[in-house]
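**Student:** Protein chains in written order, with my numbering: chain D, 77 to 420; chain X, 77 to 420. From the three backbone atoms N, C-alpha and C, an ideal C-beta is built for every residue, glycine too. Just so it is clear, the structure is predicted and the values come from calculations on it, not from any experiment.
Protein chains: 2
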Amino acid sequence: MNAIKFKNNRLFYIDQTALPVKEVWKECLRLEDGWSAIKKLEVRGAPLIGVFAAYCLYIWSKGPVSSGKDFMRRFARAVVYLRECRPTAVNLAWALKRVMLAVEANQDKPVTQLREIILNEAQAIHDEDVLLCARIGEYGNKLIKSGDNILTHCNAGFLATSGDGTALSVIYAAHAAGKKIHVFADETRPLLQGARLTAWELSRNNVPVTLICDNMAAVLMAKDKIDKIIVGADRITAAGDVANKIGTYSVAVNAAYHKIPFYVAAPFSTFDLTLKSGDEIPIEERAHDEVRTVLGKVTIAPKKVNAYNPSFDVTPAKLVTAIITDRGVVYPPFKQNIKKLIGQ
Amino acid sequence: MNAIKFKNNRLFYIDQTALPVKEVWKECLRLEDGWSAIKKLEVRGAPLIGVFAAYCLYIWSKGPVSSGKDFMRRFARAVVYLRECRPTAVNLAWALKRVMLAVEANQDKPVTQLREIILNEAQAIHDEDVLLCARIGEYGNKLIKSGDNILTHCNAGFLATSGDGTALSVIYAAHAAGKKIHVFADETRPLLQGARLTAWELSRNNVPVTLICDNMAAVLMAKDKIDKIIVGADRITAAGDVANKIGTYSVAVNAAYHKIPFYVAAPFSTFDLTLKSGDEIPIEERAHDEVRTVLGKVTIAPKKVNAYNPSFDVTPAKLVTAIITDRGVVYPPFKQNIKKLIGQ
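(1) How many whole angstroms separate the CB atoms of residue 296 of chain X and residue 338 of chain X, which I take to be in contact at a CB cut-off of 8 angstroms?
(2) Would you please verify whether the beta carbon of residue 232 of chain D is less than 7 angstroms from any beta carbon of chain X?
(3) Less than 7 angstroms between the beta carbons of residue 97 of chain X and residue 91 of chain X, yes or no?
(4) Relative to the C-alpha of residue 356 of chain D, which residue among D:313, D:208, D:321 is closest?
(5) Under the criterion of a Cβ to heavy atom distance below 6 angstroms, does residue 253 of chain D qualify as lining the ligand SAM?
(6) Return the bridge partner residues of residue 261 of chain X from the DSSP annotation.
(7) Tell me, please, whether the region 374-384 of chain D touches the region 397-410 of chain D by the rule of three or more beta-carbon pairs shorter than 8 angstroms.
(8) Should residue 363 of chain D go down as buried or exposed, given a rule of 16 or more other Cβ atoms within 10 Å for buried?
(9) Would you mind telling me which residues of chain X sit closer than 9 angstroms to residue 180 of chain D, beta carbon to beta carbon, in chain order?
(10) So the candidates are D:221, D:380, D:272, D:230; which of them puts its Cα closest to the Cα of residue 304 of chain D?
(11) For residue 252 of chain D, does the count of other Cβ atoms within 10 angstroms reach 16, so buried, or fall short, so exposed?
(12) Against residue 323 of chain X, what residues of chain D qualify as contacts under a CB-to-CB distance less than 9 angstroms, listed in chain order?
(13) If you reduce the DSSP assignment to three classes, tell me which class residue 368 of chain D lands in.
(14) Considering just the uninterrupted stretch of the beta strand (DSSP E) at residue 110 of chain X, what are its terminal residues?
(15) Identify the continuous alpha helix (DSSP H) that holds residue 187 of chain X and give its terminal residues.
(16) With a cut-off of 8 angstroms on the beta carbons, I'd call residue 198 of chain X and residue 175 of chain X a contact; round off their distance for me.
(17) Indicate whether the contact test is met: 3 or more Cβ pairs, each with one atom in the region 146-154 of chain D and one in the region 321-334 of chain D, closer than 8 angstroms.
(18) When you compare the region 339-346 of chain X with the region 366-378 of chain X, are there three or more beta-carbon pairs, one atom per stretch, that lie closer than 8 angstroms?
(19) Taking only the alpha-carbon atoms, compute the straight-line gap between residue 349 of chain D and residue 263 of chain D and give it to the nearest angstrom.
(20) Counting only C-beta atoms, is residue 383 of chain X closer than 7 angstroms to chain D at any point?
(21) Measuring CB atoms only, is the region 164-183 of chain X touching the region 117-135 of chain X, in the sense that at least three cross pairs come out at less than 8 angstroms?
(22) Mark residue 416 of chain X as exposed unless 16 or more other C-beta atoms lie within 10 angstroms of its C-beta, in which case mark it buried.
(23) Under a three-way DSSP split, which group does residue 324 of chain X fall into?
(24) When Cβ atoms are compared, which residues of the region 255-283 of chain D fall closer than 7 angstroms to chain X?
(25) Name, please, each residue of chain X whose Cβ falls closer than 9 angstroms to the Cβ of residue 333 of chain D.
(26) Looking at the strands, I want to know which residues DSSP matches up with residue 339 of chain X.
(27) If you follow the beta strand (DSSP E) that residue 86 of chain X is in, where does it begin and where does it stop?
(28) Given that residue 286 of chain X touches chain D, what residues does it touch there, using C-beta distances under 9 angstroms?
(29) Hey, how far is the Cα of residue 358 of chain D from the Cα of residue 330 of chain X?
(30) May I ask you to report which of helix, strand or coil DSSP gives residue 151 of chain X?
(31) Who does residue 83 of chain X pair with in a DSSP beta bridge?
(32) Can you give the Cα-Cα distance for residue 158 of chain D and residue 317 of chain X, rounded to whole angstroms?
(33) Could you work out which residues of chain X lie near residue 298 of chain D, taking near to mean beta carbons separated by less than 9 angstroms?
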């Protein structure tokens with residue numbers, strides 16, 4: 077199962093805003109389509125938007141240009157345009173930079189060749205993402221016992237990556253290994269990725285799942301119904317502070333209070349070692365109507381009521397038990413151990 | 077502003093499930109209407125359902141009976157019928173018992189007189205509730221400083237009582253006293269009473285309010301944006317354990333972690349001194365479709381996905397800073413101080 081497809085030189089994606097009611101595939105025909113798909117969360121999940129954005133650059137590169145110089149100038153603009161679409165997840169900037177470095181190293185070559193270079197790099201990022209997900213699953217699976225009840229927040233599954241996911245890759249690996257596990261999925265207001273995407277993809281893959289409202293996780297913890305928590309990440313600092321979907325921090329505080337292990341699963345590309353602390357991570361604020369309505373379909377508060385809608389929050393390293401990466405599991409002290417594993 | 081009206085011997089109520097989109101008044105013509113209004117949460121809020129249920133007994137009593145004995149037998153059945161409609165809030169059972177004791181003390185009197193007794197008792201409970209709310213507001217106001225940012229969960233306002241509310245009575249009293257306060261209202265999934273009712277009634281009464289998703293409260297606490305938390309209660313035990321709307325416990329854990337005062341506001345009728353601990357409080361579980369959909373209007377997860385939907389949770393006394401009652405503010409040690417103030 078895939079959230080995006082690159083086939084016959086064309087880029088397709090599932091419109092995740094239509095899930096779980098409909099499975100709608102759309103084609104990205106222009107750079108602006110890609111930007112809009114990311115902005116509207118039709119394509120979302122930190123690793124996936126990195127892969128998708130790299131392909132978007134290829135789609136862009138197929139357009140007409142007057143010269144190699146013109147190509148390079150407009151290419152640089154396209155990179156910035158996509159990068160600023162969503163500020164919090166670092167994988168987007170990371171993937172764009174990777175394509176950019178490959179192009180810049182070859183900027184004297186003919187445009188037809190630069191196009192090939194972009195495509196090759198996008199495909200390399202894509203293939204690598206599949207592999208990184210699988211490795212996260214392998215490392216994470218070692219932490220899971222048969223009988224575990226695992227809570228997750230938002231969606232860090234195959235809909236968030238081009239592979240099996242990050243947090244959910246661990247769950248899929250444990251399930252495939254025959255371990256009897258059960259997942260509690262936080263619905264994840266305001267945009268309900270936990271309900272619409274996680275509960276949907278887990279049940280589709282026959283992993284036992286129970287959907288809860290975000291505010292129910294704490295009482296399940298108090299009743300000893302949750303053994304472990306695994307979430308994804310949008311950016312992780314050098315100190316191990318983790319930006320992830322809004323609500324993650326509340327789960328982490330509750331996990332600490334109830335002494336339940338809190339794991340974060342993410343590939344190396346989610347780490348941003350240029351940032352020392354979580355305070356430096358830019359947090360995207362989205363439209364207030366996402367809170368005043370549900371998916372724009374039901375009004376739950378009058379338009380004149382003020383709202384607050386940060387899309388992410390930062391969980392400080394002290395609340396994180398370990399970070400499951402494609403290179404192994406990182407335990408505290410995070411500063412030293414992240415440097416050792418990721419900072420090469 | 078009132079959530080129910082008793083006028084010309086007829087009982088009317090705002091259908092709270094239609095708020096904030098429409099203000100629909102309905103009439104309770106039969107006992108079954110009252111039961112259904114409470115069950116469907118058209119009338120909700122622990123103190124309000126007590127008052128409303130007492131009036132429902134009067135509406136019932138107007139029906140034909142063959143004898144005094146017949147009246148008493150059917151009256152007892154009506155009491156049980158209403159009492160079992162919602163199990164968690166104790167005010168419902170408390171109000172019904174109060175009417176029942178008044179009737180039983182006079183059971184040899186003619187039916188016409190018994191009807192008057194029921195009506196008088198319902199009106200006494202109603203008048204008393206207005207007064208209790210006002211007193212809670214007075215006592216609670218002393219705890220509020222100008223400049224405070226106050227978080228509340230669910231709705232404990234005039235829509236939850238027949239007066240100004242419990243938690244919101246404190247807020248209204250502080251606002252009326254000219255203190256500059258600002259409220260953060262948790263939307264309160266699954267039924268969104270915080271968004272639909274609290275944000276609506278506060279903005280209607282010109283109290284500055286910001287609506288948030290339940291999972292955003294923790295990060296506001298971490299950013300020092302919340303000075304105090306005030307919530308209502310559905311039942312409070314002799315030890316000070318508090319049953320309230322699902323999600324309250326998560327707020328309380330986060331409040332403790334961030335060292336923010338966590339206040340509960342409730343009249344004496346919310347205390348159930350027959351219960352030693354919160355484990356004994358019956359917790360209503362509601363239909364899973366309340367979680368799989370939003371207000372039955374938007375499907376957010378496939379029907380086959382399992383869900384969990386406890387309507388309440390229990391916050392242990394150790395997480396409660398103080399309980400604001402109509403008789404004064406109760407501080408720890410709760411067991412002794414609740415007994416002193418309430419257990420007379």
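**Tutor:** On the basis of the supplied data:
(1) Start at 1 with the first residue of the second sequence, and residue 296 of chain X comes out as number 220. Start at 1 with the first residue of the second sequence, and residue 338 of chain X comes out as number 262. That belief does not hold up - the Cβ atoms of residue 296 of chain X and residue 338 of chain X are roughly 14 angstroms apart, past 8 angstroms.
(2) Position 156 of the first sequence holds residue 232 of chain D. Any Cβ of chain X closer than 7 angstroms to the Cβ of residue 232 of chain D would place that residue at the interface, and such an atom is absent.
(3) On the second sequence, residue 97 of chain X is found 21 positions in, with the first residue counted as 1. On the second sequence, residue 91 of chain X is found 15 positions in, with the first residue counted as 1. Here residue 97 of chain X is not near residue 91 of chain X, since their CB atoms are 7 angstroms or more apart.
(4) Along the first sequence, read from residue 1 onward, the residue named residue 356 of chain D stands at position 280. Looking at D:313, D:208, D:321, the one whose alpha-carbon comes closest to that of residue 356 of chain D is D:313.
(5) Only the bare structure without any ligand can be found here, which leaves the ligand SAM out of the picture.
(6) As a working note, residue 261 of chain X is residue 185 in the second sequence. DSSP output for residue 261 of chain X lists X:228, X:287 as bridge partner(s).
(7) When Cβ pairs closer than 8 angstroms are counted between the two stretches, the region 374-384 of chain D is seen not to touch the region 397-410 of chain D, the count staying below three.
(8) For the purposes of this step, residue 363 of chain D is identified with residue 287 of the first sequence, where counting begins at 1. The C-beta of residue 363 of chain D has fewer than 16 other C-beta atoms within 10 Å across all chains shown, which makes the residue exposed.
(9) Locating residue 180 of chain D in the first sequence gives position 104, counting from the first residue. Proximity of chain X to residue 180 of chain D at the Cβ level (cut-off 9 angstroms) is not reached, the minimal Cβ distance being about 38 angstroms.
(10) Walking along the first sequence from the start, residue 304 of chain D turns up at place 228. It is D:221 whose Cα lies nearest to the Cα of residue 304 of chain D.
(11) Within the first sequence, residue 252 of chain D is the residue found at index 176, counting from 1. Under this definition residue 252 of chain D is an exposed residue.
(12) Reading the second sequence from its first residue, position 247 is the one you call residue 323 of chain X. Correct list: 289, 290, 291, 292, 294, 295.
(13) Numbered from its first residue, the first sequence carries residue 368 of chain D at position 292. Looking at residue 368 of chain D - three-state DSSP - the assignment turns out to be helix.
(14) Locating residue 110 of chain X in the second sequence gives position 34, counting from the first residue. No beta strand (DSSP E) holds residue 110 of chain X; the alpha helix (DSSP H) holding it covers 107-115.
(15) Here residue 187 of chain X corresponds to residue number 111 of the second sequence, with the count starting at 1. Start and end: 187-217.
(16) Position 122 of the second sequence holds residue 198 of chain X. Position 99 of the second sequence holds residue 175 of chain X. Contact between residue 198 of chain X and residue 175 of chain X holds: their C-beta atoms lie close to 7 angstroms from each other, under 8 angstroms.
(17) No: fewer than three Cβ pairs fall under 8 angstroms.
(18) The region 339-346 of chain X makes no contact with the region 366-378 of chain X, as fewer than three CB pairs between them are under 8 angstroms.
(19) For the purposes of this step, residue 349 of chain D is taken as the residue at position 273 of the first sequence. For the purposes of this step, residue 263 of chain D is taken as the residue at position 187 of the first sequence. Cα-Cα distance, rounded: 31 angstroms.
(20) Here residue 383 of chain X corresponds to residue number 307 of the second sequence, with the count starting at 1. Yes, contact with chain D.
(21) Note that the region 164-183 of chain X touches the region 117-135 of chain X; at least 3 beta-carbon pairs, one per stretch, sit closer than 8 angstroms.
(22) As a working note, residue 416 of chain X is residue 340 in the second sequence. By the neighbour-count rule (16 or more Cβ atoms within 10 Å), residue 416 of chain X is not buried but exposed.
(23) Looking up residue 324 of chain X in the second sequence gives position 248. Helix.
(24) Cβ contacts with chain X come from 263, 265, 266, 268, 271, 272, 275, 276, 279.
(25) Translated into positions along the first sequence, residue 333 of chain D becomes position 257. For residue 333 of chain D, the chain X residues whose C-beta falls within less than 9 angstroms of its own C-beta are 329, 330, 332, 333, listed in chain order.
(26) Mapped onto the second sequence, residue 339 of chain X falls at position 263. DSSP, once it has assigned bridges, lists X:306, X:398 as partnering residue 339 of chain X.
(27) Against the second sequence, residue 86 of chain X aligns to sequence position 10. Counting along the chain, the unbroken beta strand (DSSP E) around residue 86 of chain X starts and ends at 86-90.
(28) Within the second sequence, residue 286 of chain X is the residue found at index 210, counting from 1. Within 9 angstroms Cβ-Cβ: 381, 382, 383, 384.
(29) Locating residue 358 of chain D in the first sequence gives position 282, counting from the first residue. Locating residue 330 of chain X in the second sequence gives position 254, counting from the first residue. Approximately 24 angstroms between the Cα atoms of the pair.
(30) To locate residue 151 of chain X, count along the second sequence from 1; it is residue 75. Taken through DSSP and simplified to helix, strand or coil, residue 151 of chain X comes out as helix.
(31) Stepping through the second sequence from its first residue, residue 83 of chain X is reached at position 7. BP columns for residue 83 of chain X point to X:86.
(32) On the first sequence, position 82 is the one that residue 158 of chain D refers to. On the second sequence, position 241 is the one that residue 317 of chain X refers to. Rounded to whole angstroms, residue 158 of chain D and residue 317 of chain X show a C-alpha spacing of 52 angstroms.
(33) Counted from its first residue, the first sequence places residue 298 of chain D at position 222. Scanning chain X for C-beta atoms nearer than 9 angstroms to the C-beta of residue 298 of chain D yields 325, 329, 389, 390, 392, reported in chain order.
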